[in-house]
Each structure stands twice: as structure tokens, then as C-alpha cells.
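What follows is a short report on a single structure.
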Ligand code: PLI
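Residue numbers (this note's numbering): 483 to 930.
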């Protein structure tokens, strides 16, 4: 098989500012060793997130010029609407400025004290928005999904037996909906199988519960189904995506991921009453229902991105380039969450730095070192982010879509392998200051 090349040419370039180790050592000390505090111009390869960091295509930029900025009933809204329902055949399509705005509106409508919402794993904004209403967010991913080293083709699957128990214990009347996050970001970007979605659907039918999909990375999930699930090799990714959404009653979407844009999101619903309440809230905080916090040009870019993201040469390159990074560092003995997920490689920092106890934040120490060594910015997903609730100590290297070439990734591999050679010298860290909530964004650190 020949090299899987980037399926695009580069028309516009964004220069990267080269920095020295001395400069980076200075910069990270200035931010009290918090990578969120860095000025992006001091970062060489930014793997902080794949959200809102995609490179748009020439087609999308052309669409930006076509954007109709009418307050109500803009043509761009109708093109956006058509593009969404083509894949996600729901009755109501409500644009929002990003994914968490869709979540905030949905849970304001259906959440509240005494309610519980199960999911394979809630992303942190989803959990926060559920809990903000007084409801409880419950994670029910399969056992395999909790262990970095256990290989399973669909590690994002919901524990269906666990879900049944949960429904029996909680009472269906206290569960406004069941959710599935595709792919399971917090668990390593792992996909959910069609069979699992079907099983969750039939359990929902049994108890008359709506199923809502967190669709952020739906295209990557659909392509994993094509590659890994029996009976799907011959289907197009679009057909697979349609099959997924036909099993659900609605979805929340961050267009900043699998719609290949820098801002945007939407909420889809079949329930007329929920949709009416959602639109009322939308008008309060986002805008009129045909733009929902976005410019017409953004809706246009989303419409085109939703079409491009399902191109199979793009998805093949996308999943392969993430896997390539994981494969190379894993072959050199760097422990990672396996198999490699769709949008990111997750280094198992606890296994990588066994001499640093959890309480001394091995993930933070590694993330800082990758920056000092090579200007790479990843993010700790472990005890810094989740404190005592952390199940794993991970460093996520998220790959922006269509942004970096193979030589950028080769450079990232070289930097990780260099850190690997002298990992015994890495030291534990302590928090010297922290805010009352979401501490990972602004906390100060120092070496123990
Ligand atoms: O960043 P938003 O508000 O457009 O989307 C929120 C959101 C919801 N669900 C999932 C699975 C996400 O991954 C997600 C955002 N993810 C970010 C920002 C990330 O860095 O992974």
C-alpha cells in the first residue's frame, strides 16, 4: 500500500514562529507552568485541541463570501438546514454559536433537580451543563473503555446491562434522555459501534426514553464503523451516519469538530415541545432561530464542511495520521491509550512516569516537558483537570483537522522520543495556586 497522503494542496500558509529551548523555558515559567497561559505565538505545534482549529477549504472560504447576513430567513440558514438534515434527519434544526450552547439550552429544557442523565462518558462541558440545572450526569461506558491498555474496537460503547440496571434503579420518569457521545472524547476518542447504538435504542424504546447523540465527531465514528464493524465495509460513510441519526431523537453538535469550521454548533430535536422551549431560550441568549449566535457566513461554512467531512479520502487520511503518531511512539515504548482514537493520541502519563505519584501530577509534568523540549502544546487530562475523580493520568495530543503535515507529526514523534529517553529525570509538580472551579485553565504550578 502506498503512503496515505494529505488529500489537499496548501493555498494559504500561516507561518510558525521558531523558538529556542531558552525562550520556551522562560515562557512556561512566566505562566507558572500552565500551558493554557501561553501566548499561542510561543507554541510551535499546537495540539491543545482539535476544536475550532480546523483549516477551512477553498470551498468553505468561497462560501464565506456568499454568506447572507439577513437577520431572519437568511439563504445561508436554508443551505445550512439542508446540509444538516441530509445527514441528521431531525424535525427541528436549531443553530447555536458552539456545542456547549446547544447543551446549555437542551438541559435547561429537560434537566433539573432530581433528574439523571446517563451517557457513555459526558464531555466536561456536557457534565457541567447537566449539573448546572441540578441534574446528575452519569457515565456508563463499558469496562474496556476505562483501561488505557485494553484493546477493543469500540471502546466508546455504552454498558447496556449497566444502563438497564441504572434505569430500573433511577426510574424512567427521572431520566429525561439517554445520551451517547460519538466518539467518546473523554475516554480517548473511542468509537461506539452501530450494534451498541441499536441496543441502546431498543432499551430506550422499552422504557420510552429519548436518545440524544453528542455528535461532535460523528464522521470519525461512522468511518470507524465502516472499518471495524461487520456488514459496513460496503456502505458509504454518509449512509452509516444517516443510519446512526435515524436511531436517535436528537443531537447536540459542536461544528468546531466534524463540520470543519472555527465556530458554530447546533441542536437537533424531534420533540415539538422541547424544540419550542429551546427556541424561546435561543432567542434570549443566542439569537433569532435562523442564525442562533452565528453569522450567515458561518452557517454557509458549516453547510460545506458537513459535506466535505464525509469524503472518505479525507477520513482515511484523518484517522491514519492520528494512528501514525500513536503507532510510532507506541513502538518506542511510550504507553498510550489503545487503540488510537480518531482525533487524538492520549499518552498514559501514569505508566510513562511511574516514579511520579498521581498526587504530583505526572500528566502535567509530561505536558510541560513536551513544550520545553519541542514547543508542543498538549493538555493534561487527569488529576489536574478532574482532581480526585480522575480515573486515568493522560496527556492528550489532539490533532487539528487538515492543519499539520506528516513532517510536523514526525517532528512531534522525535520530541516525544527525546523526552522518553530521559523520562527518569522528569520531576513531579505541585499546585501553588488554584481558582475555585475548572482549575486546570488557570492554576499555577511548580516543581516539587
Ligand atoms: O467546545 P464546544 O462548546 O463547541 O463543544 C463542547 C463539546 C461537547 N462534546 C464533546 C464530546 C466535546 O469534545 C466538546 C468540546 N471539546 C473540546 C473543546 C475539546 O478540546 O475536546
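All C-beta atoms, glycine included, are put in the ideal place defined by N, C-alpha and C.
Beta carbon of residue i nearer than 9 Å to that of residue j
i           : j           : result
residue 855 : residue 897 : yes
residue 692 : residue 753 : yes
residue 624 : residue 660 : no
residue 720 : residue 569 : yes
residue 852 : residue 905 : no
residue 770 : residue 554 : yes
residue 758 : residue 847 : no
residue 885 : residue 535 : yes
residue 745 : residue 542 : no
residue 548 : residue 779 : yes
residue 767 : residue 583 : yes
residue 751 : residue 573 : yes
residue 518 : residue 922 : yes
residue 704 : residue 726 : yes
residue 815 : residue 902 : yes
Residue i, buried or exposed, once every other Cβ within 10 Å from all chains shown has been counted against 16
i           : result
residue 732 : buried
residue 521 : exposed
residue 708 : buried
residue 915 : exposed
residue 723 : buried
residue 907 : exposed
Reduced DSSP secondary structure (H/G/I, E/B, other) of residue i
i           : result
residue 574 : strand
residue 656 : helix
residue 661 : strand
residue 914 : strand
residue 511 : helix
residue 886 : coil
residue 691 : coil
residue 863 : strand
residue 925 : coil
residue 538 : coil
residue 703 : helix
residue 499 : coil
residue 871 : helix
residue 528 : strand
residue 697 : coil
residue 908 : coil
residue 516 : coil
residue 547 : helix
residue 880 : strand
residue 492 : coil
residue 640 : strand
Contact test: residue i Cβ vs the ligand PLI heavy atom, cutoff 8 Å
i           : result
residue 703 : no
residue 747 : yes
residue 761 : no
residue 509 : no
residue 883 : no
residue 638 : no
residue 706 : no
residue 757 : no
residue 581 : yes
residue 602 : no
residue 605 : yes
residue 736 : yes
residue 862 : no
residue 667 : yes
residue 532 : yes
residue 585 : yes
residue 698 : yes
residue 767 : no
residue 739 : yes
residue 501 : no
residue 804 : no
residue 619 : no
residue 880 : yes
residue 663 : yes
residue 608 : yes
Residue i Cβ short of 8 Å to the ligand ATP heavy atom set
i           : result
residue 680 : Because the ligand ATP does not appear in the structure shown, any question about it cannot be addressed here, the ligands present being the ligand PLI.
Please give me, in chain order, every unbroken run of the beta strand (DSSP E) with length at least 3 that falls completely inside the region 712-770. 732-736 and 747-751
Could you tell me which uninterrupted beta strand (DSSP E) segments, each at least 3 residues in length, are contained entirely in the region 576-637, listed from first to last along the chain? 598-601 and 618-621
Quick check for students: name the residue ranges of the beta strand (DSSP E) that lie wholly in the region 776-834, counting only runs of 3 or more. 826-830
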